[in-house]
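Notes follow the structure.
Residue numbers (the numbering used here), protein chains in the order written: chain G, 1 to 85; chain Z, 1001 to 1168.
Okay, here's the thing in structure tokens:
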């Protein structure tokens, strides 16, 4: 199971608290949610990279690992980030 | 004999080197920006982070010493673990102001407000006999992120720290 370090958890908690006017969760709640997100993405990132590769290689282009990460970040920002950040 | 409160956050305060305690304009975290002022921020941290300071015990001090922390937060869940370490130094050319030991360390947990930015007041009893009139008191107020009881996932916003006592 992939886990975030205590310092990573603190950094995310701070960023989350800074972006809302009210924080209704405590450390245990948000830590559990963040660890679940970390674990889920860690378990599925290889499959996602392979699927991107399969979709683009037939078109004659292969995205690098950092480019795939960048695209995923852009997708997250488009789908959820614009309304949150 | 009456109960008196004096503010103890004055010119002597200095945050520790953690970078997680600092002075900030209240409008950074407040939503109503009409009443702005400086506040002391104690971040959500994995460490025990603190604010150093000092004050002089008033001439009319008798006993019933309490520390009062007036604070709030944007959080509405969780607790903050507050610690207060101090040493009172008295006399005239008899006692060093440069001592490393702590005379007393007290602590208490306080729950986040039920609505963001509501005023909270925590009272922690201090040992009356540790203070004498004119003592120079050196202190550090900590938020202890290493304490499992510190569960609030946002900054604590401190407005005032007061010494409460009974006067002569």
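Note that CB positions come from ideal geometry on N, CA and C, so glycine has one too.
Item	Value
Interface flag, residue 77 of chain G vs chain Z, CB-CB below 8 Å	no
From Z/1071, Z/1154, Z/1141, residue whose alpha carbon lies closest to that of residue 1038 of chain Z	Z/1071
For residue 1047 of chain Z and residue 1148 of chain Z, believed in contact at Cβ under 8 Å, the rounded distance	At roughly 14 Å, the Cβ-Cβ gap does not stay under 8 Å, so residue 1148 of chain Z and residue 1047 of chain Z are not in contact.
Any chain G beta carbon closer than 8 Å to residue 1083 of chain Z	no
Opposing strand residues paired with residue 1138 of chain Z [DSSP bridges]	Z/1054, Z/1087
Helix, strand or coil at residue 16 of chain G according to DSSP, with G and I counted as helix	helix
Backbone CA spacing between residue 21 of chain G and residue 1030 of chain Z [nearest angstrom]	8 Å
Residues in the region 1148 to 1163 of chain Z having any Cβ partner in chain G nearer than 9 Å	1150, 1151, 1152, 1153, 1154, 1155
Same chain, Cβ closer than 7 Å to residue 1114 of chain Z, neighbours up to 5 away in sequence not counted	1076
Within-8 Å CB hit, residue 1050 of chain Z to chain G	no
Distance between residue 1111 of chain Z and residue 1131 of chain Z (C-alpha atoms, nearest Å)	29 Å
Euclidean distance between Cα positions of residue 1163 of chain Z and residue 1089 of chain Z	16 Å
Min CB distance residue 1019 of chain Z to chain G below 8 Å	no
Chain-ordered neighbours of residue 1045 of chain Z on chain G, where CB pairs are closer than 7 Å	10
is_contact[residue 1108 of chain Z, chain G] using C-beta, thresh 8 Å	no
Positions along the region 23 to 57 of chain G whose CB lies within less than 7 Å of some CB in chain Z	23, 24, 25, 26, 27, 28, 30
Cβ shell of residue 1099 of chain Z (< 8 Å), same chain only, five flanking positions each side left out	1087, 1089
Closer than 8 Å to chain G by CB, residue 1072 of chain Z	no
Alpha helix (DSSP H) runs contained entirely in the region 6 to 60 of chain G, provided each spans 4 or more residues	6 to 18, 27 to 57
7 Å CB neighbourhood of residue 1023 of chain Z in its chain, flanking five on each side removed	1038, 1040
Members of the region 1013 to 1037 of chain Z that neighbour chain G once the beta carbon cut-off is set at 8 Å	1031
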